[in-house]
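Converting from the sequence shown to the numbering used here requires adding 56 to each position, the first position being numbered 1. Data block below; observations after.
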Amino acid sequence: MIISNCILHIELPYVHSLKGRRSVVNSVKEKLKAFNLSVLDVSGEYAKEADIAFVFLSQNALGAAQYREKIEKMLERNFSEYHFDLEYEEI
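As structure tokens, this is what we get:
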């Protein structure tokens, strides 16, 4: 069993308030929940960036890599106007 911890860091150059950031973060969280993930907003107080943590289980390393690829493609397809970085850790 593989546990994948992921941190999604999003730069929000077009957002000017915490309310705007919250709107983007909630949208991303809803899209991620479709993948049956545990999702948490771990952002600070800065409106121009957001951090979202999520965790998922898979049966093996290959399955985890395929799942990560699906998540990355969804993010690129739905949130292409934002620059994002993904950090992964597998246990």
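Cβ coordinates follow ideal geometry from the N, Cα and C atoms, glycine included.
Segment limits, beta strand (DSSP E) that includes residue i
i      : result
Leu113 : 105-114
Glu67  : 58-67
Leu74  : Not the beta strand (DSSP E): Leu74 falls in the alpha helix (DSSP H), residues 74-89.
Glu146 : 139-146
As assigned by DSSP and simplified to three states, the class of residue i
i      : result
Val98  : coil
Glu132 : helix
Leu118 : helix
Tyr123 : helix
Rounded distance between the beta-carbons of residue j and residue i, thought under 8 Å
i      : j      : result
Val95  : Lys89  : 6 Å
Leu142 : Glu125 : Their Cβ separation, rounded to whole angstroms, is 11 Å, which puts Leu142 and Glu125 out of contact at 8 Å.
Nearest-angstrom Cα separation, counted from residue j out to residue i
i      : j      : result
Leu118 : Asp107 : 26 Å
Arg77  : Val71  : 6 Å
Ser136 : Ile58  : 29 Å
Cys62  : Asn82  : 17 Å
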